[in-house]
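Numbering (the numbering used here), first residue to last: 10 to 80.
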Amino acid sequence: MEMLFCPGKQKWPELIGEQVSVAIATIHRENPYVQPIVVPEGTPAITGDLDCGRVRVWAEGGIVSRTPHVG
């Protein structure tokens, strides 16, 4: 099995409870290699693939609800 190395910061637990707009700006600033994607809580299915260029930002009511991370 080949290991995949993703550059830059990987996780942002400090953003739980933060406004989505602030989280997106922070993620862009701290890892310019990724694109934050907002996912509303309750979304039924997402892909399970690993993408070094993606950070899912789970949110409810405009507030980050889970730790955003690369993947």
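Just so it is clear, CB atoms sit at the ideal spot from N, CA and C, and this is done for glycine as well.
This one's a predicted model, so the numbers in the text were calculated from it and none came from an experiment.
Inset, instruction - Taking only the alpha-carbon atoms, compute the straight-line gap between Val43 and Ile25 and give it to the nearest angstrom. - result: Take the alpha-carbon of Val43 and the one of Ile25: they are about 18 Å apart.
Legend entry - Three-state secondary structure (DSSP) of Gln68: The sequence shown places Ala at residue 68, rather than the Gln named in the question. Looking at Ala68 - three-state DSSP - the assignment turns out to be strand.
Legend entry - DSSP bridge partner residues for His78 (one or two, in chain order): Paired residues: Lys20, Arg65.
Inset, instruction - State the Cα-Cα distance for the pair Cys28 and Pro22, rounded to the nearest angstrom. - result: Reading the sequence as shown, one finds Gln at residue 28 and not Cys. Cα to Cα, the separation comes out at about 13 Å.
Legend entry - Delimiting residues of the beta strand (DSSP E) encompassing Ile46: Counting along the chain, the beta strand (DSSP E) containing Ile46 begins and ends at 44-49.
Legend entry - Beta-carbon proximity check, Ile33 vs Pro49, cutoff 9 Å: In this structure, the beta-carbon distance from Ile33 to Pro49 does not fall below 9 Å.
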